[in-house]
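K.L.:
Chains as they are written, first to last, in our numbering: chain A, 669 to 913; chain B, 3 to 246.
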C-alpha cells in the first residue's frame, strides 16, 4: 500500500508535466515523421522504417532517464524528500516507487513509436509485440541511469547530463541515425562497448524476425542495466542514510 | 511519562559540532519549544530525532523506541513538518494529503476520509483541487502542516511551522497546535518568541549546539531577571544572563 501510494504520486507527477509528454511521446514521433519524409526524397536507402523505428524507440527511452532523474533531483532539492525520508517508506519502496511508473510509460512510448511507424510502412505483425518486450531491458537501463543521476546530481545538472549528454550519446553511439559500419574503427568499437547500439540491434532483430540475433545483443543491455541499477540503489541508499537530505 | 528521552545526543560534521551532548526529557502530550539563533543546532536535533540523520554519539528513545536501533518504528509514530514547505508540486492539495495518509498505511477510503477531515480542520476546501505548486506560500505551509498531522502522529516535529504565514494564518495554526496539546507530543522550533511563549509548556534555549537553558517562559524570565521573554532569550543565547 505504501509503495503503491508513492508510485501513484510519481506517476501523476510525471504525466502532469507537459514537457514529459511532449518530449517522451511527441519528440520521437516528430523524428520518425521527419526522417521518413527525408527518406522519401533521397535516392539512397538511409532511413528505412524497419531500421529507423526500432532505433527511434530506443532513443526515445533516453527521455525516461531525464524524467526520472529530474523528478528525484527536484524532490531532493525541495524538502519533500526529507518528509518522505522521515516516513516509514523503506529503501525498496522508494526505488520501486520511482521506477515502476516509468516502465509502462516506456512501453507506451515504444507502442506510440511503432504505431506511428505502421502509417509509414512498417509491417503490422507479431514481431512488433516482440520488439516491445525487447525494449524492456533498455527501458530498465535508462530508468537506472535516471535513478542514479537523480540521486547524485542537482536538477540543473540533470538537465545537462541526462538532457544533453545522455540523449546525444544514445543518438550517436546507437546506430539509430546511421549504420555504425559506415564509420567503423574506434567509433564502432566504442559504440559496441556501450549498451545503446546493442539495444537498437536487438530491437531491429526483433522487427526483422531474426530471433537468434536478439539475445546476444540483449545480454549486453541486461548486464549494463543490472550494474547501473545496483549502483543507483547503492547511491540512493547512501543518500537516504546520509546527512545530505 | 516521558515521550522523548535524549541522552548525550551529539552530531558532528567533520570538525564542527552541530549538537553537543544533548540530554533532555520531554513529557508525553506536551509542547516543547527549541529556541536558538540560526546555526544553534535546532534543526539538526529535529533531524536526529526524526531519523533523518544519525547521531555521531548518544541516543534518543521516542515512546520506547530507539532512534538508533528502531528507526522504522520511530518513523511509524512520528511525523515532521520541515522548515521549508514540503509538498508534491503537481498533486492537488487533496492528493498531497491522501498521499501522506497512504504512505503511513491508510487504505484508499480511509485515506480519503482522513484527507477530508484535514481539509475541514485546516480550512483548505477552497484550494483542495488546486495543484500545490499554484498555491501561495501561506497555503502551501498550511498544507504542509496538515500533511504532517494526517498520519495522526504521537510525536510531531514542527520546524519553524509559521514561517511565512500572515498573522491570521499564524493564529489559526496556533489554535490547531493548542488543540493537539495533551494528545500529541510536539517539538517545535521557532524564531518567534511570542509563539514559543504562547504554545509551549517548556522551552529549551540552544546556542552553538548546546542546551543553555531549560524551563517555562516564566522560569527563564525569572532566571535572567529580564523584563520580557525576548530579553531573557537574548541573555541566554548570548551567555550574558548575569548582566541581564
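From the three backbone atoms N, C-alpha and C, an ideal C-beta is built for every residue, glycine too.
What residue range is occupied by the uninterrupted beta strand (DSSP E) comprising residue 9/B?
P.N.:
For the purposes of this step, residue 9/B is taken as the residue at position 7 of the second chain. 4–15 is the extent of the beta strand (DSSP E) around residue 9/B.
K.L.:
Please list the partners that residue 674/A has in chain B, where partner means a Cβ-to-Cβ separation under 9 Å.
P.N.:
Here the question's residue 674/A lines up with position 6 in the first chain. By Cβ distance, chain B contributes 101, 104 and 105.
K.L.:
Across which residues does DSSP place residue 81/B in a beta bridge pair?
P.N.:
Counted from its first residue, the second chain places residue 81/B at position 79. For residue 81/B, which the question treats as bridged, DSSP gives the partners 158/B.
K.L.:
Helix, strand or coil for residue 64/B per DSSP?
P.N.:
Walking along the second chain from the start, residue 64/B turns up at place 62. Note: residue 64/B maps to strand in three-state DSSP.
K.L.:
Verify whether the separation of the beta carbon atoms of residue 788/A and residue 713/A is less than 8 Å.
P.N.:
Against the first chain, residue 788/A aligns to sequence position 120. Against the first chain, residue 713/A aligns to sequence position 45. No; because the gap between Cβ atoms is not below 8 Å, this pair is not in contact.
K.L.:
Against chain A, does residue 221/B count as a neighbour if the rule is that its beta carbon must be under 8 Å from one of theirs?
P.N.:
Here residue 221/B refers to the residue found at position 219 of the second chain. Chain A contact via Cβ: absent.
K.L.:
Is it true that the CB of residue 748/A sits closer than 8 Å to the CB of residue 89/B?
P.N.:
Translated into positions along the second chain, residue 89/B becomes position 87. Translated into positions along the first chain, residue 748/A becomes position 80. For residue 89/B and residue 748/A, yes; Cβs fall inside 8 Å.
K.L.:
Tell me, which residues are paired with residue 248/B by DSSP?
P.N.:
Given that chain B is displayed from residue 3 to residue 246, the structure contains no residue 248/B and the question cannot be resolved.
K.L.:
Whose C-beta lies closer than 7 Å to the C-beta of residue 822/A among residues of the same chain, with five residues either side of it excluded?
P.N.:
Start at 1 with the first residue of the first chain, and residue 822/A comes out as number 154. Answer for residue 822/A: 741 and 745, listed in chain order.
K.L.:
Hey, how far is the Cα of residue 912/A from the Cα of residue 10/B?
P.N.:
Mapped onto the first chain, residue 912/A falls at position 244. Mapped onto the second chain, residue 10/B falls at position 8. A caution first: residue 912/A carries a pLDDT of 49, below 50, which makes its placement in the model too unreliable to give a value.
K.L.:
Report the neighbours of residue 835/A on chain B: residues whose CB is nearer than 7 Å to its CB, in chain order.
P.N.:
Taking the first chain and counting its residues from 1, the one referred to as residue 835/A is at position 167. Residues of chain B passing the Cβ test: none, with the nearest at roughly 23 Å.
K.L.:
Buried or exposed: where does residue 885/A fall if 16 or more other Cβ atoms within 10 Å of its Cβ makes it buried?
P.N.:
The count along the first chain starts at 1 and reaches residue 885/A at position 217. Its Cβ being crowded by 16 or more others within 10 Å, residue 885/A is buried.
K.L.:
Just how far apart, CA to CA, sit residue 218/B and residue 682/A?
P.N.:
For the purposes of this step, residue 218/B is taken as the residue at position 216 of the second chain. For the purposes of this step, residue 682/A is taken as the residue at position 14 of the first chain. Each residue's alpha carbon lies about 48 Å from the other.
K.L.:
Taking the straight line between their C-alpha atoms, what separation do you get for residue 841/A and residue 735/A?
P.N.:
In the first chain, residue 841/A corresponds to position 173, counting from 1. In the first chain, residue 735/A corresponds to position 67, counting from 1. Their Cα atoms are separated by approximately 21 Å.
K.L.:
Beta-carbon separation of residue 6/B and residue 62/B under 8 Å?
P.N.:
What you label residue 6/B is simply residue 4 of the second chain in a count that begins at 1. What you label residue 62/B is simply residue 60 of the second chain in a count that begins at 1. The answer is yes: Cβ separation under 8 Å.
K.L.:
Within 8 Å (strictly less), CB to CB, does residue 755/A reach chain B?
P.N.:
Taking the first chain and counting its residues from 1, the one referred to as residue 755/A is at position 87. By this cut-off, residue 755/A is an interface position.
K.L.:
Report the three-state DSSP secondary structure of residue 18/B (helix, strand or coil).
P.N.:
Locating residue 18/B in the second chain gives position 16, counting from the first residue. Assigned with DSSP and collapsed to three states, residue 18/B falls in strand.
K.L.:
Which two residues bound the contiguous beta strand (DSSP E) that contains residue 33/B?
P.N.:
Looking up residue 33/B in the second chain gives position 31. Looking at the DSSP string, the run of the beta strand (DSSP E) that includes residue 33/B is 33–37.
K.L.:
Given that a residue counts as buried once 16 or more other Cβ atoms are within 10 Å of its Cβ, and exposed if not, what is residue 861/A?
P.N.:
Here residue 861/A refers to the residue found at position 193 when the first chain is read from its first residue. Label assigned to residue 861/A: exposed.
K.L.:
Could you work out which residue in 100/B, 86/B, 239/B and 58/B is closest to residue 16/B when comparing CA atoms only?
P.N.:
Taking the second chain and counting its residues from 1, the one referred to as residue 16/B is at position 14. Among 100/B, 86/B, 239/B and 58/B, the Cα nearest to that of residue 16/B belongs to 58/B.
K.L.:
Using a Cβ cut-off of 8 Å (strictly closer), state whether residue 52/B contacts chain A.
P.N.:
The residue labelled residue 52/B in the question sits at position 50 within the second chain. Interface residue, yes.
K.L.:
Considering just the uninterrupted stretch of the alpha helix (DSSP H) at residue 201/B, what are its terminal residues?
P.N.:
To locate residue 201/B, count along the second chain from 1; it is residue 199. Start and end: 195–201.
K.L.:
Indicate whether at least one CB of chain B lies closer than 8 Å to the CB of residue 913/A.
P.N.:
As a first step, residue 913/A is located in the first chain; it is residue number 245 there, counting from the start. Reliability of the predicted coordinates at residue 913/A is poor, the pLDDT of 48 falling under 50, and no value is obtained from them.
K.L.:
Count the C-beta pairs between the segment 886–900 of chain A and the segment 858–875 of chain A that are closer than 8 Å, then say yes if the count reaches three, no if not.
P.N.:
yes
K.L.:
Checking contacts by CB at 8 Å: is residue 63/B closer than that to chain A?
P.N.:
Position 61 of the second chain holds residue 63/B. Answer no: the Cβ-Cβ gap between residue 63/B and chain A never drops below 8 Å.
K.L.:
How is residue 674/A classed by DSSP in three states: helix, strand or coil?
P.N.:
In the first chain, the residue the question calls residue 674/A occupies position 6. Three-state DSSP puts residue 674/A in a helix.
K.L.:
Among 690/A, 721/A, 706/A and 693/A, which has the Cα closest to the Cα of residue 867/A?
P.N.:
Within the first chain, residue 867/A is the residue found at index 199, counting from 1. It is 721/A.
K.L.:
Along chain B, which residues have their Cβ under 7 Å away from the Cβ of residue 684/A?
P.N.:
Numbered from its first residue, the first chain carries residue 684/A at position 16. Simply 92.
K.L.:
Determine which residues share a DSSP beta bridge with residue 24/B and list them.
P.N.:
One-based indexing of the second chain puts residue 24/B at position 22. 11/B.
K.L.:
If distances are taken between C-alpha atoms only, which option among 755/A, 708/A and 774/A comes closest to residue 799/A?
P.N.:
For this step, residue 799/A is matched to residue 131 along the first chain. For the residues 755/A, 708/A and 774/A, the minimum Cα distance to residue 799/A belongs to 774/A.
K.L.:
Can you check whether the C-beta of residue 186/B is within less than 8 Å of a C-beta belonging to chain A?
P.N.:
Against the second chain, residue 186/B aligns to sequence position 184. Closer than 8 Å: no.
K.L.:
Which of the three DSSP states, helix, strand or coil, is assigned to residue 69/B?
P.N.:
The residue given as residue 69/B occupies position 67 in the second chain. If DSSP states are grouped into helix, strand and coil, residue 69/B belongs with coil.
K.L.:
For a cutoff of 8 Å on Cβ pairs, would you count residue 155/B as touching chain A?
P.N.:
Residue mapping note: residue 155/B aligns to position 153 of the second chain, counting from 1. With 8 Å as the cut-off, residue 155/B does not count as an interface residue toward chain A.
K.L.:
For my contact list, residue 834/A and residue 813/A are in at a C-beta cut-off of 8 Å; report their separation, rounded to the angstrom.
P.N.:
Here residue 834/A corresponds to residue number 166 of the first chain, with the count starting at 1. Here residue 813/A corresponds to residue number 145 of the first chain, with the count starting at 1. So it is a contact: roughly 7 Å between Cβ atoms.
K.L.:
Measure how close the beta-carbons of residue 164/B and residue 151/B come, nearest whole angstrom, since I'm counting them as under 8 Å.
P.N.:
Within the second chain, numbered from 1, the residue matching residue 164/B stands at position 162. Within the second chain, numbered from 1, the residue matching residue 151/B stands at position 149. The Cβ separation is near 15 Å, so there is no contact.
K.L.:
So within the segment 811–879 of chain A, which uninterrupted alpha helix (DSSP H) runs reach at least 4 residues, ignoring any that extend past its ends?
P.N.:
823–826, 835–840, 853–861 and 863–876
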